[in-house]
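Asks: After the structure tokens below, expect a handful of questions from me.
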Amino acid sequence: MISDATSPESAARVVLYVCADRGRQMPSLAAERALAEGRAFAERHELTITVVVTDRYGEPDPARRPGWLKVRALAAAGGVEAVLVRWPAAIAPDVVREYQDRETRWLQDHGVQVRYTWAPLAKVTAR
Numbered sequence: 000m001i002s003d004a005t006s007p008e009s010a011a012r013v014v015l016y017v018c019a020d021r022g023r024q025m026p027s028l029a030a031e032r033a034l035a036e037g038r039a040f041a042e043r044h045e046l047t048i049t050v051v052v053t054d055r056y057g058e059p060d061p062a063r064r065p066g067w068l069k070v071r072a073l074a075a076a077g078g079v080e081a082v083l084v085r086w087p088a089a090i091a092p093d094v095v096r097e098y099q100d101r102e103t104r105w106l107q108d109h110g111v112q113v114r115y116t117w118a119p120l121a122k123v124t125a126r
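Pasting the structure below:
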């Protein structure tokens, strides 16, 4: 699901990307937490989220997810300052770290920072 927030066109675009595991008892809890955490992070850092992009959890290769392809398209079009994700595993599972690295490098090559919103990583910008 993709939604656009209302903001001035001149503002740099910050994309919040949510791809979270769905638990059996509370299937939407992880995604809700990632969304709330991302919004709180943006507020603390005076960033305006202009687009929220979500994907269903399960596909390890982000290049095969419709939401992540939207993130790439936005970055390729320009005007995206940063992509906010909860942690690196939201981009790709840790067991396929090469996908995390590939996608992070691709965004950086297009002038886009990857910033983590989970408190222990919140001061880290992907390199």
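Letter 9 of the sequence shown, counting from 1, is numbered 8 in numbering that gives the first Met the number 0, and no numbers are missing. In this text, a Cβ means the ideal position worked out from N, Cα and C, and glycines have one as well.
1. Taking the alpha helix (DSSP H) that residue 88 falls in, what are its first and last residues?
2. Using the C-alpha atoms, what's the distance from residue 67 back to residue 43?
3. Please state the DSSP three-state secondary structure of residue 55.
4. For residue 102 and residue 90, I'd like the C-alpha separation in whole angstroms.
5. Taking contact to mean 3 or more Cβ pairs, one atom from each stretch, closer than 8 Å, check whether the stretch 64-80 and the stretch 29-42 are in contact.
6. Quick one: grab the DSSP three-state call for residue 111.
7. Excluding the five sequence neighbours on either side, which residues of its own chain have a C-beta within less than 7 Å of the C-beta of residue 61, listed in chain order?
8. Whole angstroms are fine: how far does the CA of residue 85 sit from the CA of residue 108?
Replies: Inspection of the coordinates gives the following:
1. For this step, residue 88 is matched to residue 89 along the sequence shown. Element bounds for residue 88: 87-90.
2. One-based indexing of the sequence shown puts residue 43 at position 44. One-based indexing of the sequence shown puts residue 67 at position 68. The straight-line gap from Cα to Cα measures roughly 25 Å.
3. Locating residue 55 in the sequence shown gives position 56, counting from the first residue. Correct three-state label for residue 55: strand.
4. Locating residue 102 in the sequence shown gives position 103, where the first residue counts as 1. Locating residue 90 in the sequence shown gives position 91, where the first residue counts as 1. Those two C-alpha atoms are separated by around 8 Å.
5. no
6. Looking up residue 111 in the sequence shown gives position 112. DSSP places residue 111 in coil when its eight states are reduced to three.
7. The sequence position of residue 61 within the sequence shown is 62, counting from 1. Same-chain partners within the cutoff: 67, 90, 91, 98, 102.
8. By one-based count along the sequence shown, residue 108 stands at place 109. By one-based count along the sequence shown, residue 85 stands at place 86. Their Cα atoms are separated by approximately 21 Å.
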